[in-house]
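The next block holds one structure in the form of structure tokens; read it before the comments.
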Amino acid sequence: METTSRQVPQVPHAPVRAIADRLHSAAIHLLRRLRVEDKAMGLSAPRASALSVIVFRGPITMSALAEAEQVRRPTITRLVDGLERRGLVRRVGHAEDGRVQLVEATAAGKRLLQKGRARRVERLLKDIAHLPAEDQEVLARAAQLMEALRG
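Take 13 as the starting number for the sequence shown in this note's numbering and just add one per residue.
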């Protein structure tokens, strides 16, 4: 297989656009299917997504959170207000700059997100377990490739 200077593999005889389109659709449909498991968390999809960013990125400014979630500042403020009312996040001052306020997950927020993730993983596990071993190996390799794509 040839590679370009960016180390992007050139797939011979493969319709790369069609692959990208199918991967895009499959990812969206899989995410929608897994979000069914999120209902038990009692959070809307936008709040669950914001909580996930806060948990995995650590204390974060509201501006950085809004950018990560691709929403405007007033929208992220409403989302964080709802999470804060439920005791899932808290606002804290920046250690070095008192003018900066950060949002961090509480222990309850981390637990809730972990439980939601465990439910989604369990759902996937059940689906994958029914596949032949060869298909499971293909999915393992596909997961590696998707991780590489995310950068």
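Where a beta carbon is used, it is the ideal one built from N, C-alpha and C, also for glycine.
- State the start and end residues of the unbroken alpha helix (DSSP H) segment that holds Ala117. Mapped onto the sequence shown, residue 117 falls at position 105. No alpha helix (DSSP H) contains Ala117, which is instead part of the beta strand (DSSP E) from 113 to 117.
- Counting only the same chain and skipping the five closest in sequence on each side, list residues whose C-beta sits under 6 angstroms from that of Gln113. Walking along the sequence shown from the start, residue 113 turns up at place 101. Only Arg103 meet the Cβ criterion.
- Please report how far the alpha carbon of Leu63 lies from the alpha carbon of Ala145, in whole angstroms. Mapped onto the sequence shown, residue 63 falls at position 51. Mapped onto the sequence shown, residue 145 falls at position 133. Cα to Cα, the separation comes out at about 35 angstroms.
- Straight-line Cα distance separating Ala38 from Glu14: Position 2 of the sequence shown, counted from the first residue, corresponds to residue 14. Position 26 of the sequence shown, counted from the first residue, corresponds to residue 38. Below a pLDDT of 50, predicted positions are generally treated as unreliable, and Glu14, at 48, falls in that range; the measurement from the model is reported next regardless. Near 27 angstroms, if we compare the C-alpha coordinates of Ala38 and Glu14.
- Task: Look at the alpha carbon of Leu143 and the alpha carbon of Arg153, and state the distance between them as a whole number of angstroms.
- Result: The residue given as residue 143 occupies position 131 in the sequence shown. The residue given as residue 153 occupies position 141 in the sequence shown. Straight-line Cα distance between these residues: approximately 15 angstroms.
- Message: Between the region 74 to 85 and the region 116 to 127, can you find at least three pairs of beta-carbon atoms closer than 8 angstroms?
- Response: no
- C-alpha gap between Arg29 and Asp93, whole angstroms: The count along the sequence shown starts at 1 and reaches residue 29 at position 17. The count along the sequence shown starts at 1 and reaches residue 93 at position 81. Whole-angstrom Cα-Cα distance: 41 angstroms.
- Item | Sequence-distant residues of the same chain with beta carbon closer than 8 angstroms to Ile140, five excluded per side | One-based indexing of the sequence shown puts residue 140 at position 128. Contacts found: Gln148, Leu151.
- Message: Between Arg131 and Glu49, how many whole angstroms is the CB-CB distance? I'm expecting something under 8 angstroms.
- Response: In the sequence shown, counting from the first residue as 1, residue 131 sits at position 119. In the sequence shown, counting from the first residue as 1, residue 49 sits at position 37. Confirmed, about 4 angstroms.
- Query: Where does Leu43 land, buried or exposed, given buried means 16+ other C-beta within 10 angstroms?
  - Reply: On the sequence shown, position 31 is the one that residue 43 refers to. Exposed.
- Residues bridged to Ile72 [DSSP beta-bridge criterion]: As a first step, residue 72 must be located in the sequence shown, where it is residue number 60. Val115.
- Message: Considering only the alpha carbon of each residue, which of Leu125, Leu91, Val115 lies closest to Lys51?
- Response: Start at 1 with the first residue of the sequence shown, and residue 51 comes out as number 39. Lys51 has its Cα closest to that of Leu125, out of Leu125, Leu91, Val115.
- Please list, in chain order, all residues of the same chain as Ser75 whose beta carbon is under 8 angstroms from its beta carbon, the five residues on each side excluded. The residue given as residue 75 occupies position 63 in the sequence shown. The residues are Arg85.
- Cutoff 8 angstroms: Arg131 Cβ touching any chain B Cβ: Checking the listed chains, one finds no chain B in this structure; it contains a single protein chain.
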